[in-house]
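Using full-length UniProt numbering, read the sequence shown as starting at 1 and increasing by one per residue.
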Amino acid sequence: MDDAARHLALLTKTTEVVNSSLDLQEVMEAIAHETAAALETDACFVYLYDERADELVLRATHGTRVEDATKAPRMRRGEGITGVAAAQGEPVMIPSKAHLDPRFKAFPNLREDDYESILAVPILARDKLEGALNVRTREPRMFSEAEIELVVAIASQVARTIEHAKLYAQAQRRVHELEALARISEAVSESLYLEESLEAIVKTTVESMQATGAAIVLEDGRVAWPEGRAGAHALRLPLRWRARTIGELVVDRDTPFSDDDRQLLEAIASQAAVALEHGRMALRGVLAQEIHHRVKNNLQTVASLLRLQARSEQVDARKALADSVNRILAIAAVHEVLTEHREDDVDLDELVDRLRAMLVQGLAVGKEVHAELEPVSLAGQRATALALVFTELFGNALEHGGGRISITLTERDGDVVLAIADDGDGMQLSADGTGLSIVRALVRDELAGELRLVDDPGLRAEVTFPASV
1 MDDAARHLAL LTKTTEVVNS SLDLQEVMEA IAHETAAALE TDACFVYLYD ERADELVLRA
61 THGTRVEDAT KAPRMRRGEG ITGVAAAQGE PVMIPSKAHL DPRFKAFPNL REDDYESILA
121 VPILARDKLE GALNVRTREP RMFSEAEIEL VVAIASQVAR TIEHAKLYAQ AQRRVHELEA
181 LARISEAVSE SLYLEESLEA IVKTTVESMQ ATGAAIVLED GRVAWPEGRA GAHALRLPLR
241 WRARTIGELV VDRDTPFSDD DRQLLEAIAS QAAVALEHGR MALRGVLAQE IHHRVKNNLQ
301 TVASLLRLQA RSEQVDARKA LADSVNRILA IAAVHEVLTE HREDDVDLDE LVDRLRAMLV
361 QGLAVGKEVH AELEPVSLAG QRATALALVF TELFGNALEH GGGRISITLT ERDGDVVLAI
421 ADDGDGMQLS ADGTGLSIVR ALVRDELAGE LRLVDDPGLR AEVTFPASV
């Protein structure tokens, strides 16, 4: 077979190869093999141009191998003989002693000095650099014009393959991005709980980006919903809602992030911001509804207490007003604790201590108040009842007790025990008085407990009720 026929066969084979697969790596390896075989050269190297790094990266070889597979040889345009061909946009041919040429670039893991000749050509797609390839021989060789034209034609075929592979990769990536965003959108729309939505966003981010880890950082700096581990590269994207930054999406990976990666993560961050703000709005709505419900119940409690006081035949207006103020302040103290901790339960030891401090003002002149309060938690509505009970009993001890008053709060065997004792003259609460009626009703109906009054020698009032009902 003459050279023309062999060259035509190679071009035909090259066309078949580039049209046989959209896998760029597979095509480049086949091209390296077919080109070296048809031109009867000892080696063929195919480089792909990395536009972001402005480097040519060796992607396929025939006749030799890269000894350290973790370090692919790279060169800039104009660097090395192949880099010069890429920079000039035209072939470069050296028939002998190529490794002695001043433009030659050696790689420690690529044995190129074994070759005498080299023919390097750029891979151009409509004048845009896509890569470069070269063929080499161990013996000196002057490549003919026909051989140079053949290698240029092969490079043109490879250029179209690279274009098609890039378009296919972009399409695949777009599908991948849309699938990731669809999963995130589904998680945001289906879950009724903010924690579930954000957890799904973080996990989908890790899977979609092949990341080592990710997390959402709230505006107060608190790290929420962390997943995985830190990587060599980290990307932080703000979560913005109506021109306001409400947090950050932090993603870690061992490999650098591309512009496409950033675009996808910006879309994910936008979804996360929507989920975060909508979840907060829903929470605020539920919280507002709960507050309205509690305020309504507490206003009804205040109204009932005032009606009960009004039924008494002997009413000291000044004392009745002072008692009502203390009851309202007791309810307000419960609200304050609930608001500060943003929880449904109240720490009774903290609540009782606040009420103690509030009530002793102006009433504890010359009195010694000692409190031993164990940590006890109680639901908000029951805490309101206990606050009113404590206000009545402690107020009575301050007004009628002696110089020493002790307060104890403990939990034993599933029951909460609140005891207030003084060293005064004994029972001062009238059995049918308004204050005692309020205490008995609240202990019985709201706390499902019992009240014990011991008159020996001062008064010890003890309230016992189950910690949970």
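Glycine residues also receive a C-beta, built at the ideal position from the N, C-alpha and C atoms.
- Item | When L48, C44, S270 are compared against R59, the one with the closest alpha-carbon | Comparing C-alpha distances from R59 to each of L48, C44, S270 shows the shortest one belongs to L48.
- Query: From E450 to V417, what distance separates their C-alpha atoms?
  - Reply: CA-CA distance, E450 to V417, rounds to 10 Å.
- Message: With the cut-off set at 8 Å, would you say G403 and D423 are in Cβ contact?
- Response: Yes. Within cutoff.
- Supposed contact pair A211 and D252 - C-beta distance, whole angstroms, cut 8 Å: Confirmed, Cβ separation roughly 6 Å.
- Item | Contact check, E116 vs E139, beta carbons under 8 Å | For E116 and E139, yes; Cβs fall inside 8 Å.
- Message: Less than 8 Å between the beta carbons of A461 and L393, yes or no?
- Response: Closer than 8 Å, so yes.
- Task: Determine the direct distance from the alpha carbon of V389 to that of I438, and round the result to whole angstroms.
- Result: I438 and V389 have their C-alpha atoms spaced approximately 8 Å apart.
- Query: If you run the structure through DSSP and keep just helix, strand and coil, what is Y47?
  - Reply: Y47 falls in the strand class under three-state DSSP.
- Minimum length 3: unbroken beta strand (DSSP E) runs contained in the segment 374–433: Runs of the beta strand (DSSP E) inside the segment 374–433: 377–379, 404–412, 415–422.
- Hey, would you say D425 sits closer than 8 Å to F465, going by beta carbons? Not closer than 8 Å, so no.
- Jot down the residue ranges of each uninterrupted beta strand (DSSP E) in the segment 65–116, minimum 3 residues, whole runs only, in chain order. You should have 74–76, 92–94.
- Item | Run of the alpha helix (DSSP H) containing A357, from where it starts to where it stops | Counting along the chain, the alpha helix (DSSP H) containing A357 begins and ends at 348–360.
- Sequence-distant residues of its chain with Cβ nearer than 7 Å to P256 (five each side left out): Beyond the five residues adjoining it in sequence on each side, P256 comes within less than 7 Å, by CB distance, of H233 in the same chain, given in chain order.
- Query: Does the beta-carbon distance from L39 to V135 come in below 8 Å?
  - Reply: Remark: C-beta atoms of L39 and V135 approach each other more closely than 8 Å.
- Distance, Cα to Cα, A87 vs A273? Looking at the two C-alpha atoms, the distance is approximately 45 Å.
- Assign K367 to one of three DSSP states: helix, strand, or coil. In the structure shown, K367 adopts coil according to DSSP, grouped into three states.
- Query: What's the call for Q271, buried or exposed, on a 16-neighbour Cβ count within 10 Å?
  - Reply: Q271 sits buried, since 16 or more C-beta atoms from the chains shown fall within 10 Å of its C-beta.
- CB of A397 within 8 Å of CB of T408, strictly: Going by C-beta atoms, A397 is not nearer than 8 Å to T408.
- Item | Span of the alpha helix (DSSP H), counted from its first residue to its last, around T35 | The continuous alpha helix (DSSP H) containing T35 extends over residues 24–39.
- Message: Please report the straight-line C-alpha distance between T161 and V206, rounded to a whole angstrom.
- Response: Taking the straight line from one Cα to the other gives about 31 Å.
- Message: According to DSSP, simplified to helix, strand and coil, what is R444?
- Response: In the three-state scheme derived from DSSP, where H, G and I count as helix and E and B as strand, R444 is classed as helix.
- Query: For R382 versus E446, is the C-beta spacing smaller than 8 Å?
  - Reply: In contact: R382 and E446 (Cβ atoms closer than 8 Å).
- Could you check which residue in V346, A275, R440 has the C-alpha nearest to that of G380? Per the Cα distances, V346.
- Comparing the CB of I201 with every heavy atom of the ligand SAH, is any distance shorter than 7 Å? As presented, the structure is devoid of all ligands, the ligand SAH included, so that no description of it is given.
- Query: In this structure, does DSSP put P61 in helix, strand or coil?
  - Reply: According to the sequence displayed, residue 61 carries Thr and not Pro. Here T61 sits in strand by DSSP.
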